[in-house]
Amino acid sequence: MISRRVHIVVLSLGLALLLGLAPAFAQAGTTSGFAPIDRPGPELSVPPEQLREALRCHGDPGSGQQPVLLNPATSVTPEQNYSWTYAKAFTEQDRFWCAVTMPEHTLGDIQVAGEYLAHSVREVHRLTGKRIAVLGHSQGGMNMRWSLRFWPDLRPLVDDVIGMAPSNHGTQSLKGCGPAPAECEPAVWQQLAGSEFMRALNSRTETFEGISYTVVYSRFDEVVTPPESSELHTGGGLISNVATQDVCATNTSSHLLVGTIDPVTYALVEDALNNPGPADPARVDSSVCGQPLMPHVDPASVDTYLQPVAAIPGLLSTALPGVNLVGGRSVDREPRLRCYVYAAGC
């Protein structure tokens, strides 16, 4: 009964998220006008002290396991997204992990989030001496690809990019922004179908050689629509696109559950972390289909309820036009792409 209540709590929060988190669906492989993939990335414009303060790490960097950088979804902090799920799991595994907190509850310009990720990847690699995995939910499963696209020096430092219901090509869902003069948070504009951000993200290639890409999504995702828009297809990376229903036909997890307590997603994440290459659903034991929650989530823990509840203001800020409860800003159009994005600059 307690596990069922956890599902009810998270599902109810998911309704707010599903109404509001508006990622995007753009055409992949567009080349016209965008920077070549091997051009060195720009200097970071965010002050170094802000980048340092945004990264928090836990555990022994000398651990033999692959280190993980946790990257939050739109409108939530790493604590709200992961402290009661994946952060707890990795701590109990004695796996070194770090989490990056984005400005404006991850509702701000994703180009700025890309700088935070560039710094974080370099720092986690420096601390551990290992190629790292980046694990993210929704926007957090997508925006690492922006950093890899425009900062080529990061590619040798990253072994795995694991996206849980990532907005890789966005969504056709929309809360209420667009066309102007409607207002939305910058990250919402950028994750709309056909946005300039999405065109740039998927320009020339989607993946890079030497990196494994695991995409886990649910065919019941109401946020990233159509759900298959999460998938990656082009480039030299090793790619595994897996719907949770490919492993367990009866899995009904929504967008929010895939990034929090879904046991099928967890099994695929662990498979990607513990084996060379991306996740292979054939290696996942069918017993996962009978599990109500991912391991390490404690239905009796206060955090299991408090952290999702703490996420409500951010979810509502994204879901309801004109409402902002977390201090972010709304704008009437998509942020302008930075000069480094274009082959000819500005």
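Counted the way mature numbering (1 follows the signal peptide of the UniProt record, and there is no 0) counts, the sequence shown spans residues -28 to -1, 1 to 318. Every residue, glycine too, gets a C-beta built ideally from N, C-alpha and C.
Is N223 buried or exposed, if buried means 16 or more other CB atoms sit within 10 Å of its CB?
-> Within the sequence shown, the letter at position 251 stands for residue 223. By the 10 Å Cβ count, N223 comes out buried.
Measure from the alpha carbon of V236 to the alpha carbon of each residue in R176, N246 and V188, then state which is nearest.
-> On the sequence shown, position 264 is the one that residue 236 refers to. When each option's Cα is compared against that of V236, the closest is V188.
Tell me, please, whether the segment 199 to 215 touches the segment 87 to 103 by the rule of three or more beta-carbon pairs shorter than 8 Å.
-> no
Would you identify the three-state DSSP class for G262, choosing helix, strand or coil?
-> One-based indexing of the sequence shown puts residue 262 at position 290. Three-state DSSP puts G262 in a helix.
Could you pull the start and end residues of the beta strand (DSSP E) that I104 belongs to?
-> Position 132 of the sequence shown holds residue 104. Per DSSP, I104 belongs to the beta strand (DSSP E) from I104 to H109.
Could you pull the start and end residues of the beta strand (DSSP E) that H268 belongs to?
-> Here residue 268 corresponds to residue number 296 of the sequence shown, with the count starting at 1. Unbroken run through H268: none, as it is neither H nor E.
Inspect the CB distances between the segment 25 to 44 and the segment 84 to 102 and report whether three or more fall short of 8 Å.
-> yes
In angstroms with no decimal places, state the Cα-to-Cα distance between V256 and H77.
-> Numbered from its first residue, the sequence shown carries residue 256 at position 284. Numbered from its first residue, the sequence shown carries residue 77 at position 105. Approximately 34 Å between the Cα atoms of the pair.
Y185 vs V133 beta-carbon contact at 7 Å | In the sequence shown, the residue the question calls residue 185 occupies position 213. In the sequence shown, the residue the question calls residue 133 occupies position 161. Closer than 7 Å, so yes.
Run through DSSP, which three-state label would L(-16) get?
-> On the sequence shown, position 13 is the one that residue -16 refers to. A caution first: L(-16) carries a pLDDT of 42, below 50, which makes its placement in the model too unreliable to give a value.
Sort S139, T63, S4 and D10 by Cα distance to L164 and report the nearest one.
-> Within the sequence shown, numbered from 1, the residue matching residue 164 stands at position 192. Looking at the Cα atoms, S139 is the closest of the given residues.
Report back the beta-carbon spacing between G142 and T177 to the nearest angstrom; my notes put them in contact at under 8 Å.
-> By one-based count along the sequence shown, residue 142 stands at place 170. By one-based count along the sequence shown, residue 177 stands at place 205. Not really, about 17 Å apart at Cβ, beyond 8 Å.
Backbone CA spacing between C149 and W161 [nearest angstrom] = Counting from 1 along the sequence shown, the entry for residue 149 is found at position 177. Counting from 1 along the sequence shown, the entry for residue 161 is found at position 189. Distance between the alpha carbons of C149 and W161: 7 Å.
For W56, I'd like the list of residues in its chain whose CB is within less than 6 Å of its CB, leaving aside the five on either flank, ordered along the chain.
-> For the purposes of this step, residue 56 is identified with residue 84 of the sequence shown, where counting begins at 1. Within the same chain, W56 has close Cβ partners D275, T276 and Q279.
Proximal residues to L309 (C-beta, below 8 Å), its chain only, five neighbours per side dropped = Residue mapping note: residue 309 aligns to position 337 of the sequence shown, counting from 1. Excluding sequence neighbours, L309 sits near Q83, E168, F169 and A172.
L(-8) versus T179: straight-line alpha-carbon distance, rounded | As a first step, residue -8 must be located in the sequence shown, where it is residue number 21. As a first step, residue 179 must be located in the sequence shown, where it is residue number 207. With a pLDDT of only 35 at L(-8), under 50, the local geometry of the prediction cannot be trusted, and no value is derived from it.
With a CB to CB cut of under 6 Å and the five nearest residues on each side skipped, what residues in its chain are close to A59?
-> On the sequence shown, residue 59 is found 87 positions in, with the first residue counted as 1. The answer is none, since no qualifying residue turns up.
Counterpart residues of N43 in DSSP-defined beta bridges = In the sequence shown, counting from the first residue as 1, residue 43 sits at position 71. BP columns for N43 point to G108.
C-beta contact flag for A137 and S110 at 7 Å = Translated into the one-based positions of the sequence shown, residue 137 becomes position 165. Translated into the one-based positions of the sequence shown, residue 110 becomes position 138. Going by C-beta atoms, A137 is nearer than 7 Å to S110.
Identify whether S92 lies in helix, strand or coil by the three-state DSSP scheme.
-> Along the sequence shown, one-based indexing puts residue 92 at 120. DSSP places S92 in helix when its eight states are reduced to three.
Go ahead and label V281 buried or exposed: buried means 16 or more other beta carbons lie within 10 angstroms of its beta carbon, across all protein chains shown.
-> Your numbering for residue 281 matches position 309 in the sequence shown. Exposed.
Identify the continuous beta strand (DSSP E) that holds T186 and give its terminal residues.
-> Translated into positions along the sequence shown, residue 186 becomes position 214. Note, T186: beta strand (DSSP E), S184 to Y189.
Hey, out of C318, Y312 and G317, whose CA is closest to P14's CA?
-> As a working mapping, residue 14 is identified with position 42 in the sequence shown. It is Y312.
G86, buried or exposed, once every other Cβ within 10 Å from all chains shown has been counted against 16 | As a working mapping, residue 86 is identified with position 114 in the sequence shown. Counting Cβ neighbours within 10 Å, G86 comes out buried, since at least 16 surround it.
Quick one, are the C-beta atoms of T73 and P39 less than 7 Å apart?
-> As a working mapping, residue 73 is identified with position 101 in the sequence shown. As a working mapping, residue 39 is identified with position 67 in the sequence shown. For T73 and P39, no; Cβs fall outside 7 Å.
Kindly indicate which three-state DSSP category I233 falls into: helix, strand or coil?
-> Along the sequence shown, one-based indexing puts residue 233 at 261. It is coil, neither helix nor strand.
Grouping DSSP H, G and I as helix and E and B as strand, with all else coil, what is M136?
-> Residue 136 sits at position 164 when you count from the first residue of the sequence shown. Residue state, collapsed to three classes: strand.
Can you tell which of L245, I284, D243 and R11 has the C-alpha that lies nearest to the C-alpha of W123?
-> On the sequence shown, residue 123 is found 151 positions in, with the first residue counted as 1. Taking only the C-alpha atoms, the option nearest W123 is R11.
Within 10 angstroms of its Cβ, does Q22 collect 16 or more other Cβ (buried), or is it exposed?
-> Here the question's residue 22 lines up with position 50 in the sequence shown. Its Cβ having fewer than 16 others within 10 Å, Q22 is exposed.
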